[in-house]
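Q:
Structure below.
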């Protein structure tokens, strides 16, 4: 009997292990956002390396990296109504997004701005979910929000700009890096020069905003 119990356990764990890749694949294949506006050519690379071109009405999935070329823009609306605009020359990744209307508290939105700039209008994950379940990572900072609209410009090697330039249009956000944590409110901006630099909070008029073209407003 003992041998049978051990054998049964092995078979059960083997079955679970076999199911895990299928579960992960199904989660990755589930659309989390839809392209609602597009200018120019925008490339999307999935987590498995497959590449495709974005199209209005097209789907965005977990693990997708979205890259806008020079002169290109895109607007994506997530299933919780979160709206993300990417300006030209941007690389953006959907790390882990999940929204279930029946259990909004468990929703999560983990996104990364690799380079370039975005403008964000939050959705139900930010307003109804747990604060720790919403984060946007940039090269120099991490942003958390609770009901707001804001933009982020990663200056990269642009000598006329510095670090992350973050502007809050409505509500408030939390900006942090390795040395500081600040709440930034509507009408304010913050410059994050590096991961270990103090945050500089300024009037929004003194910080570079992300402004979509007429086609993507």
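Residue numbers (mature numbering (1 follows the signal peptide of the UniProt record, and there is no 0)): -26 to -1, 1 to 191. Just so you know, even glycine gets a beta-carbon here, dropped at the ideal spot from N, CA and C. Values in this document were obtained by computation on a predicted structure and should not be read as measured data.
#1: Once DSSP output is grouped into helix, strand and coil, what is the label at residue 191?
#2: Suppose contacts are defined by Cβ-Cβ distances below 8 Å. Is residue 164 in contact with residue 146 by that definition?
#3: Could you say if the region 163 to 179 and the region 83 to 102 meet the contact criterion of at least three C-beta pairs nearer than 8 Å?
#4: Check each candidate in 129, 114, 126 and 72 and name the one with the smallest Cα separation from residue 104.
#5: Go ahead and label residue 7 buried or exposed: buried means 16 or more other beta carbons lie within 10 angstroms of its beta carbon, across all protein chains shown.
#6: Find the nearest neighbour of residue 98 within the set 127, 116, 118 and 54, judged by alpha-carbon distance.
#7: Determine which residues share a DSSP beta bridge with residue 213 and list them.
#8: Please decide whether residue 89 counts as near chain C, where near means a Cβ-Cβ distance under 8 Å.
#9: In this structure, does DSSP put residue -4 in helix, strand or coil?
#10: Pick out whichever of 135, 101, 36 and 88 has its Cα sitting closest to the Cα of residue 110.
#11: Which whole-angstrom value describes the C-beta separation of residue 17 and residue 49, a residue pair presumed to lie in contact below a C-beta threshold of 8 Å?
#12: Could you tell me the boundaries of the beta strand (DSSP E) in which residue 99 lies?
#13: Go to residue 162, then tell me how far its beta strand (DSSP E) extends in each direction, as first and last residue.
A: Answer, in terms of the structure:
#1: In the chain shown, the residue the question calls residue 191 occupies position 217. In the structure shown, residue 191 sits in coil (DSSP, three-state: anything other than H, G, I, E or B).
#2: Against the chain shown, residue 164 aligns to sequence position 190. Against the chain shown, residue 146 aligns to sequence position 172. No. Outside cutoff.
#3: no
#4: In the chain shown, counting from the first residue as 1, residue 104 sits at position 130. Nearest C-alpha to residue 104: 72.
#5: Taking the first residue of the chain shown as position 1, residue 7 is located at position 33. Under this definition residue 7 is a buried residue.
#6: For the purposes of this step, residue 98 is taken as residue 124 along the chain shown, with counting starting at 1. Ranking the options by Cα distance to residue 98, first place goes to 54.
#7: No information on residue 213 is available, as it lies outside the stretch -26 to 191 that the chain covers here.
#8: In the structure shown, chain C does not exist; there is a single protein chain.
#9: Counting from one through the chain shown, the residue named residue -4 turns up at place 23. The pLDDT assigned to residue -4 is 46, lower than 50, so where the model puts this residue is not dependable, and the model offers no usable value.
#10: Taking the chain shown and counting its residues from 1, one reaches residue 110 at position 136. When only C-alpha atoms are compared, the closest one is 88.
#11: Position 43 of the chain shown, counted from the start, is the residue given in the question as residue 17. Position 75 of the chain shown, counted from the start, is the residue given in the question as residue 49. Not quite, the Cβ-Cβ distance comes to about 16 Å (not below 8 Å), so this is no contact.
#12: Working through the chain shown from its first residue, we reach residue 99 at position 125. No beta strand (DSSP E) holds residue 99; the alpha helix (DSSP H) holding it covers 98 to 102.
#13: Working through the chain shown from its first residue, we reach residue 162 at position 188. Segment 162 to 166, the beta strand (DSSP E) holding residue 162.
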